[in-house]
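In full-length UniProt numbering, the protein residues as written are 1 to 234.
From the three backbone atoms N, C-alpha and C, an ideal C-beta is built for every residue, glycine too.
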């Protein structure tokens, strides 16, 4: 059994939309979150979907899913104070349903709506040989390190640097155990989904990511997504 946890509890302050979460903005009369859910609904590698979302939005989300035919939905999980706390809450819901040590989980941002079925499947397939998997993109630009932002301290070796993407997949039980046993401080300081797995010794593989699978964070990201959707619906 493979579970998907979709993170949809963020506010999205960088979009400068006030308190309106960007994952619920409509593009071509469909909320961004629903585009994301559709990809996991279509994926043959995923059986059940858990959505991390604030209470205030759950009735709306249920309505969207019913209208769109999202049938893999299992349950909602509470949004935490940080991303990793939200993931922990989603993992708890998965563990309450899980009956096999072989179950997997794939964690994705609700605002990465262009994730492909291929990438979802590839991430989960990697769990046959690894405890975790994340898609990455090679760095194209020269990367410099600076301690104060005004002068160069180090030139980093570009060939060894990669940008991580979502979704990230893990063997459910060991990953949930790490999160369950972590302190609130450790969860709050964790910056990426795979970071806590790596720090606790899990074997996390890297696979090629997808340039198209970008995260909608700014207005320019939203405009880019709108352009893609409009082009595909013409």
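In whole angstroms, give me the CA-to-CA distance for residue 145 and residue 192.
Counting from 1 along the chain shown, the entry for residue 145 is found at position 145. Counting from 1 along the chain shown, the entry for residue 192 is found at position 192. Rounded to the nearest angstrom, the two C-alpha atoms are 20 angstroms apart.
Can residue 197 and residue 175 be called in contact, C-beta distance under 8 angstroms?
Within the chain shown, numbered from 1, the residue matching residue 197 stands at position 197. Within the chain shown, numbered from 1, the residue matching residue 175 stands at position 175. The answer is yes: Cβ separation under 8 angstroms.
In this structure, how does DSSP classify residue 167 when only helix, strand and coil are distinguished?
Position 167 of the chain shown, counted from the start, is the residue given in the question as residue 167. In the structure shown, residue 167 sits in coil (DSSP, three-state: anything other than H, G, I, E or B).
Return the residue from the list 201, 195 and 180 that minimises the CA-CA distance to residue 95.
By 1-based counting over the chain shown, the position of residue 95 is 95. Of the listed residues, the one whose Cα sits closest to residue 95 is 180.
Roughly how many angstroms separate the alpha carbons of residue 44 and residue 167, rounded to a whole number?
One-based indexing of the chain shown puts residue 44 at position 44. One-based indexing of the chain shown puts residue 167 at position 167. So the two alpha carbons sit approximately 15 angstroms from each other.
How is the alpha helix (DSSP H) around residue 20 delimited, first residue to last?
The residue labelled residue 20 in the question sits at position 20 within the chain shown. Where residue 20 is concerned, there is no enclosing alpha helix (DSSP H), given that its DSSP letter is neither H nor E.
Would you kindly work out how many angstroms separate the C-alpha atoms of residue 110 and residue 7, rounded to a whole number?
As a working mapping, residue 110 is identified with position 110 in the chain shown. As a working mapping, residue 7 is identified with position 7 in the chain shown. Each residue's Cα considered, the two are about 5 angstroms apart.
Using a 10 Å radius around the Cβ and a threshold of 16 neighbouring Cβ atoms, would you call residue 163 buried or exposed?
Indexing the chain shown from 1 puts residue 163 at position 163. Exposed, because fewer than 16 other Cβ atoms sit within 10 Å of the Cβ of residue 163.
Taking the straight line between their C-alpha atoms, what separation do you get for residue 165 and residue 120?
Your numbering for residue 165 matches position 165 in the chain shown. Your numbering for residue 120 matches position 120 in the chain shown. Those two C-alpha atoms are separated by around 12 angstroms.
Quick check on residue 56: buried or exposed, where buried means 16 or more other Cβ atoms within 10 Å of its Cβ?
Start at 1 with the first residue of the chain shown, and residue 56 comes out as number 56. Residue 56 comes out exposed.
Does the segment 72–86 touch the segment 118–133, meaning 3 or more C-beta pairs lie closer than 8 angstroms?
In short, these stretches do not touch, since the Cβ pair count stays below three.
If I measure Cβ to Cβ from residue 51 and keep anything under 6 angstroms in the same chain, skipping five residues before and after, which residues do I get?
If you number the chain shown from 1, residue 51 lands on position 51. For residue 51, where only same-chain residues beyond five positions count, the Cβ hits under 6 angstroms are 6, 8 and 76.
Do you know whose CA, among 160, 187 and 142, lies nearest residue 152's CA?
Start at 1 with the first residue of the chain shown, and residue 152 comes out as number 152. The shortest Cα separation from residue 152 among 160, 187 and 142 belongs to 142.
Going by the DSSP bridge assignment, what does residue 109 pair with across the sheet?
As a first step, residue 109 must be located in the chain shown, where it is residue number 109. BP columns for residue 109 point to 7.
What is the DSSP secondary structure of residue 73, reduced to helix, strand or coil?
As a working mapping, residue 73 is identified with position 73 in the chain shown. The answer is strand: DSSP assigns residue 73 an E or B state.
Smallest Cα separation from residue 116: which of 24, 40 and 188?
Position 116 of the chain shown holds residue 116. It is 40 whose Cα lies nearest to the Cα of residue 116.
For the ligand ATP, any of its heavy atoms closer than 7 angstroms to the Cβ of residue 168?
Looking at this structure, you won't find the ligand ATP or any other ligand, since it has none at all.
So if DSSP puts residue 139 in a beta bridge, which residue, or which two residues, is it bridged to?
On the chain shown, position 139 is the one that residue 139 refers to. Note: residue 139 sits in no beta bridge, so no partner.
With a CB to CB cut of under 7 angstroms and the five nearest residues on each side skipped, what residues in its chain are close to residue 161?
The count along the chain shown starts at 1 and reaches residue 161 at position 161. Excluding residues within five positions, the ones whose Cβ falls inside 7 angstroms are 139 and 143.
Residue 194 to residue 60, Cα distance in whole Å?
For the purposes of this step, residue 194 is taken as the residue at position 194 of the chain shown. For the purposes of this step, residue 60 is taken as the residue at position 60 of the chain shown. Roughly 30 angstroms separates the two Cα atoms.
Mark residue 73 as exposed unless 16 or more other C-beta atoms lie within 10 angstroms of its C-beta, in which case mark it buried.
Residue numbering aside, residue 73 sits at position 73 when the chain shown is read from its first letter. That one is buried.
Does the Cβ-Cβ distance between residue 48 and residue 81 come in under 8 angstroms?
On the chain shown, residue 48 is found 48 positions in, with the first residue counted as 1. On the chain shown, residue 81 is found 81 positions in, with the first residue counted as 1. No, the pair does not count as a contact, with Cβ atoms beyond the cut-off.
Write down the C-beta distance between residue 2 and residue 107 rounded to the nearest angstrom, noting that I regard them as a contact closer than 8 angstroms.
On the chain shown, residue 2 is found 2 positions in, with the first residue counted as 1. On the chain shown, residue 107 is found 107 positions in, with the first residue counted as 1. No, residue 2 and residue 107 are not in contact; Cβ-Cβ is about 11 angstroms, not under 8 angstroms.
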